[in-house]
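Beneath this line is the structure, given in structure tokens, with notes to follow.
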Amino acid sequence: KRHGSSFDAINVATAWSRMGKARATGRERAGFFRQEKGTLLQLVQHTERVVPRLSVHEITNTCHGMARLRFEPAAATMRLLGAEATPRLGEFKPQELANTAWAFA
67 KRHGSSFDAI NVATAWSRMG KARATGRERA GFFRQEKGTL LQLVQHTERV
117 VPRLSVHEIT NTCHGMARLR FEPAAATMRL LGAEATPRLG EFKPQELANT
167 AWAFA
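Numbering (the working numbering), first residue to last: 67 to 171.
Given below as structure tokens:
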């Protein structure tokens with residue numbers, strides 16, 4: 067919470083990736099969303115600001131984490147990430163491409 071506005075691209079991607087890996091159950095996830103909604107919304111907004119600076123690896127981690135977390139207010143950010151990724155698909159390693167495709171499936 068305290069440092070979110072100073073997150074760089076790596077910090078943003080890492081935050082989404084780690085939250086996505088938490089594997090909370092539906093009930094736990096709903097409670098987390100209620101408790102941390104404001105913080106998550108700030109992270110979504112900050113993510114949108116750093117999208118142009120994300121590497122393809124960071125795009126992959128961000129998309130994959132957001133998709134696993136299933137935080138509905140991040141849907142527009144996912145579209146923004148997709149638009150950033152599309153012209154750069156040739157830069158993705160096979161696993162990055164697979165994880166990013168999964169995130170949008």
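Using N, Cα and C, we set each Cβ at its ideal position, and we do this for glycine too.
Length of the line joining the Cα atoms of C129 and A142: Cα to Cα, the separation comes out at about 12 Å.
DSSP three-state assignment for A88, whether helix, strand or coil: Three-state DSSP puts A88 in coil, outside helix and strand.
Cβ separation of F194 and V122, assumed to be a contact under 8 Å, to the nearest whole Å: Since the displayed the chain opens at 67 and closes at 171, residue 194 lies outside it and no answer follows.
Assigned secondary structure, R95 (DSSP; H/G/I helix, E/B strand, else coil): DSSP places R95 in helix when its eight states are reduced to three.
Length of the line joining the Cα atoms of A81 and E102: In this model, A81 and E102 are separated by some 14 Å (Cα to Cα).
Distance, A88 Cα to A149 Cα: For A149 and A88, the distance between alpha carbons rounds to 27 Å.
For A171, the three-state DSSP class (helix, strand or coil): Coil at A171, not helix or strand.
Nearest residue (CA-CA) to A167, options I125, E138 and F137: For the options I125, E138 and F137, the alpha carbon positioned closest to that of A167 is the one of I125.
For M132 and A169, believed in contact at Cβ under 8 Å, the rounded distance: 7 Å between Cβ atoms; contact.
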